[in-house]
Every structure is written in C-alpha cells, then in structure tokens.
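Chemist: Residue numbers (this note's numbering): -18 to 447.
This is the structure I have questions about; it appears just below.
Quick look at the structure:
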C-alpha cells in the first residue's frame, strides 16, 4: 500500500468510525438545547473548557509525545507508553492535591469533585485510545469512538432527559462513558502488555517532555481563543448571548468532523513520511486536495445553514434561537482556517519543532482577545464571530510561511484568496438576506465547487489508480 492509499485507507476507517459517533453527537446537541436553558448550557461549556484547559497542564501534554514517538520506528512502544503513563499519573496526582482550589471559581462551585473525576477519566481514556492508534489498530480505535459516544448518548438520556439532572447529569455522562471506553480498550487491545514498571526509562522522560511541554501553552492558547468569545459575551453582554453564541458554534462542527477524521490519519502519515525523499511533493499534493475539499464543504454549509440549524438546535423553547444561524457563517470560516492551521501544525509535530506551534498560537490568542474587547462592544455576538475569523487568519498567515521552512512545499495563495473572498461574500448574504438571496448562495457554492473540482478529481484518480 503506497503512502497515498494508506492515508486514504486510514482516513476512510476513521471516517466510518466517526460517522456514527458524529451522528449521535448531533442528537446530543439537540438533546442539550432542548433540556438546558442558555445559562446552564453556558455553565456546561465553561466546565468543558476548564477540563480541556487543565488536562494538558497536568498531563504535561504527554499523550502528544506518545503519538509522536510511538509512531517512530526508532523507539519501543512499550517503553514509550509506560513512561507516558507514569508522567501522566504524576501530573494527575498533583491535580488532586490542588483540587480544593476549584471551589474558588464561581461556575465550578458545586461541581469540583465531578470536574476532578472528569479530568482523570478523560486522561485515562486518552492514553488507552492513543496507544491503540499508535499500534495501528485503526479499526478498533474507530469502533471505540462509536462505543464511547453511544454510551455518552445513553447516559445523557438517563441523567438529563429522564432524571433532569442538568449540568451534573452531563458531567456524570462524560465520566462514565470515558471510564467504560478505557476499560474496554484495556481489556480487548492488550494494553496490559505495554504497561510495566520495568519499561520505564528516565532518559525517555526528558525526550518526551522536550517535545510535549511547548504544546501545553499551545493547547491552552487555542482553548482561550475558542472560548474567550463566550467569556467576553457573558461579561460584556449577557449569559443568554453567550449561550446563543455557543449554539451557533455547534453548526461549524459539521466542518470540523471532516477535519478531525483527516487529521487523525494525516498525522500518522506525516510522522511516517518525515524522512522520505519526496516528502515535500507529498505535502503539496495532499494539502492542495485537502484545501479544495474544505473550501467546497465550507461553501455548502454556509449555503444551507438556515436549513440545517433547526435540525441541530431546538428553537421552539427559546425565541432567540430562531435567528441563531446568522451568527454561524463567520464561525464556519473560522473553523476552516483553524483546520488549515492544524494541517500546518502537523509539520511542527513531525519535525519536532513544537515551540513554533506555541508562539504561532499565541498570535491567534492575543489577536482574539484584543478584537473581542473592541468588536463585542460594538457588534455583540456577530463581533465575537468576526474576532474568531480574524484571529485564526492571523495565525494562518504566519504559519503558512514559517512551517514551510521545515518542509518546503508549494501553496496556491491566489486560490486561497479567491475562495475566501467568495465564501465571505456568501456569509454576508446569509446575514443580510437581500432579495433572491438563495440564488446568490447557490451561485457562490457553484463557483467554489467549479474552482476546486479539478484538484479533488486528480486526487481521487491518484488514490484509485492501480
């Protein structure tokens, strides 16, 4: 299997596994919107943000090093996994000691113990699932994704719909689904054979931490960038505005589904091909096709956003949700740029220049905070959407030049500018809704599809060619 077919095969397997889980995720979004008021929904999002913020800090982002060095043929997977598990355990132990400080934060009050267990079970599942992926068990990895989200859906039905436990029910659902996933993987994938104190190596701790520590601020800054909009909206406007923004941000998840699936497969290929002679040509062909697919997907989502929003958000209960879709188009563009940034980040991962990932993420974070202060005051929820787009764009402009210093490959900047222009025009049409605006949206989609059809077709031929 050549590298293009291997990338396509892994992407297909991850896609099959993700399809079922993402379909269930859409039902979860509807369940949350129907059973949680905007204020509770905002608390739920803030707790998720806090967990996602603390996990890389107290696990030292060691799972990223597990993937990088676990896929490297020059390292022993057993030594990598045992060393990563010890580092993770040490960090979580420190978190337990500091957990009483949780109660000092307003929205965590009453959820401190649940948040602590949430972080621990999430970290445990991450270790188990990433080892499964590193070992090349992509089918099992995908199946576990479906199993986990199915359990999450069932637990949410019990705790939120049936027992009306609100945010507490959500936390319990995540904890139980993550724990069951970790237990399942530990039982069926032979993880016990990779975990033994005799495999622990002190020298690997230094190697792995030099790689993973710069990723901690990277993760934190992306989280701040992603959630600062809601924090600013909550304090500058209202909790309801923050909740509405949160639901508007659910729609772009349709685009991030494709990106996440591809990234899982691409990172494996990028690391495996890091030392190959035709690495630059490989990056160029894959990135060109990836961009084209994402442009088309973005244009399609923006064109039908008014149609699909009622499928994801229960609007009957809250009058304000009827117009939530007008805040979505710019967020979709933001996710598009975030996907491109993730691709470029894979260069830093493969070449072990993770410090560059950190300082380029700082650009997005600072830009986002600065623009939120200015734009939310003037434009409210739409201002937060625009701030997100511009912050991701700033990061992209820097990374597209910086990352290619390590893996030089050609990029069509003209195509990027042209596609972004058309997609932005479509977004303005959705927001302003001029006469006959559906016709303008269809025209915009057809322009993007026509402009990107050839790269997609060439890639398909390359993959299918004997």
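Using N, Cα and C, we set each Cβ at its ideal position, and we do this for glycine too.
Please read these numbers as outputs of a predicted model, since none were measured by experiment.
Mind checking which residues open and close the alpha helix (DSSP H) that includes residue 464?
Modeler: No answer is possible for residue 464: it lies beyond the span of the chain, which begins at -18 and ends at 447.
Chemist: Quick one: what's got a C-beta closer than 6 Å to residue 472's C-beta in the same chain, skipping five residues either side?
Modeler: The requested residue 472 is not part of the displayed model; the chain covers only -18 to 447.
Chemist: Starting from residue 167 and walking both ways along the alpha helix (DSSP H), at which residues does that stretch end?
Modeler: Numbered from its first residue, the chain shown carries residue 167 at position 186. 147 to 169 is the span of the alpha helix (DSSP H), which, as asked, contains residue 167.
Chemist: Along the chain, where does the alpha helix (DSSP H) that runs through residue 383 open and close?
Modeler: On the chain shown, position 402 is the one that residue 383 refers to. Where residue 383 is concerned, the enclosing alpha helix (DSSP H) stretches over 362 to 383.
Chemist: Mapping the DSSP letters down to three states, classify residue 41 as helix, strand or coil.
Modeler: The residue given as residue 41 occupies position 60 in the chain shown. Coil at residue 41, not helix or strand.
Chemist: Within the same chain, show all residues whose beta-carbon is closer than 7 Å to that of residue 67, passing over the 5 residues directly before and after it, in chain order.
Modeler: Taking the chain shown and counting its residues from 1, one reaches residue 67 at position 86. Hits under 7 Å: 181.
Chemist: By how many angstroms is the C-alpha of residue 50 removed from the C-alpha of residue 58?
Modeler: The residue you call residue 58 lines up with position 77 of the chain shown. The residue you call residue 50 lines up with position 69 of the chain shown. Taking the straight line joining both Cα atoms gives about 8 Å.
Chemist: CB-CB under 6 Å to residue 24, same chain, minus the five flanking residues each way: which ones, in chain order?
Modeler: By one-based count along the chain shown, residue 24 stands at place 43. If we look at residue 24 and ignore the five residues flanking it on each side, its Cβ neighbours are 88 and 148.
Chemist: Going by beta carbon distance, what residues of the same chain come within less than 7 Å of residue 375, once the five residues before and after it are set aside?
Modeler: Looking up residue 375 in the chain shown gives position 394. Answer for residue 375: 344, 345 and 348, listed in chain order.
Chemist: Ignore the nearest five residues each way along the sequence and tell me which others in residue 299's own chain have a CB closer than 6 Å to its CB.
Modeler: As a first step, residue 299 must be located in the chain shown, where it is residue number 318. Because residue 299 sits at a pLDDT of 43, beneath the cut-off of 50, its placement in the model cannot be relied upon, and the following sentence gives the value as read from the coordinates. Excluding residues within five positions, none has a Cβ falling inside 6 Å.
Chemist: Roughly how many whole angstroms lie between the Cα atoms of residue 471 and residue 159?
Modeler: It is not possible to answer for residue 471, since the shown part of the chain is limited to -18 through 447.
Chemist: Could you give the uninterrupted runs of the alpha helix (DSSP H) lying entirely in the segment 192 to 226, keeping only those of 4 residues or more?
Modeler: If we require 4 residues or more, the alpha helix (DSSP H) runs fully inside the segment 192 to 226 come out as 196 to 217.
Chemist: Look at the alpha carbon of residue 224 and the alpha carbon of residue 218, and state the distance between them as a whole number of angstroms.
Modeler: Within the chain shown, the letter at position 243 stands for residue 224. Within the chain shown, the letter at position 237 stands for residue 218. Each residue's alpha carbon lies about 11 Å from the other.
Chemist: Is DSSP giving residue 257 helix, strand or coil here?
Modeler: As a first step, residue 257 is located in the chain shown; it is residue number 276 there, counting from the start. Of the three classes helix, strand and coil, the one that applies to residue 257 here is coil, per DSSP.
Chemist: Taking residue 407 as the reference, which of 132, 310, 95 and 175 has the closest Cα?
Modeler: By one-based count along the chain shown, residue 407 stands at place 426. The candidate whose alpha carbon is nearest that of residue 407 is 310.
Chemist: Taking C-alpha atoms, which residue in 314, 115, 33 and 415 lies nearest to residue 372?
Modeler: In the chain shown, residue 372 corresponds to position 391, counting from 1. Of the candidates 314, 115, 33 and 415, the one whose C-alpha sits nearest the C-alpha of residue 372 is 314.
Chemist: Does the distance from the C-beta atom of residue 200 to that of residue 100 stay below 7 Å?
Modeler: Sequence index remark: in the chain shown, residue 200 carries index 219 (1-based). Sequence index remark: in the chain shown, residue 100 carries index 119 (1-based). The answer is no: Cβ separation not under 7 Å.
Chemist: Leaving out five residues before and five after residue 104 in sequence, what residues of the same chain have Cβ atoms less than 7 Å from its Cβ?
Modeler: Taking the chain shown and counting its residues from 1, the one referred to as residue 104 is at position 123. Counting only Cβ-Cβ distances below 7 Å, and skipping sequence neighbours, we find 36, 40, 69 and 73.
Chemist: When burial is assigned at 16 or more other CB atoms within 10 Å of the CB, is residue 155 buried or exposed?
Modeler: As a working mapping, residue 155 is identified with position 174 in the chain shown. By the 10 Å Cβ count, residue 155 comes out buried.
Chemist: Examine the Cβ distances between the segment 422 to 434 and the segment 264 to 278 and report whether three or more of them are shorter than 8 Å.
Modeler: At 8 Å Cβ cutoff, the stretches touch.
Chemist: Let me know if residue 297 comes out buried or exposed under the rule of 16 or more other beta-carbons within 10 Å of its beta-carbon.
Modeler: Walking along the chain shown from the start, residue 297 turns up at place 316. Note that residue 297 scores a pLDDT of 45, beneath 50, so its modelled location is shaky and nothing firm can be said.
Chemist: How close, in whole Å, do the beta carbons of residue 27 and residue 152 come, if the pair is a contact with beta carbons under 8 Å?
Modeler: The residue you call residue 27 lines up with position 46 of the chain shown. The residue you call residue 152 lines up with position 171 of the chain shown. Their Cβ separation, rounded to whole angstroms, is 12 Å, which puts residue 27 and residue 152 out of contact at 8 Å.
Chemist: Does DSSP put residue 230 in a helix, a strand or coil?
Modeler: For the purposes of this step, residue 230 is taken as the residue at position 249 of the chain shown. In the structure shown, residue 230 sits in coil (DSSP, three-state: anything other than H, G, I, E or B).
Chemist: Which one of 386, 211 and 282 has the shortest CA to CA distance from residue 362?
Modeler: Counting from 1 along the chain shown, the entry for residue 362 is found at position 381. That would be 211, whose Cα lies nearest to the Cα of residue 362.
Chemist: Assuming the contact rule is C-beta atoms closer than 8 Å, residue 390 and residue 268 should be a hit. Round their C-beta distance to whole Å, please.
Modeler: Sequence index remark: in the chain shown, residue 390 carries index 409 (1-based). Sequence index remark: in the chain shown, residue 268 carries index 287 (1-based). Confirmed, Cβ separation roughly 7 Å.
Chemist: Is residue 70 helix, strand or coil by DSSP?
Modeler: Along the chain shown, read from residue 1 onward, the residue named residue 70 stands at position 89. Helix.
Chemist: So what does DSSP say about residue 125, is it helix, strand or coil?
Modeler: The count along the chain shown starts at 1 and reaches residue 125 at position 144. Correct three-state label for residue 125: helix.
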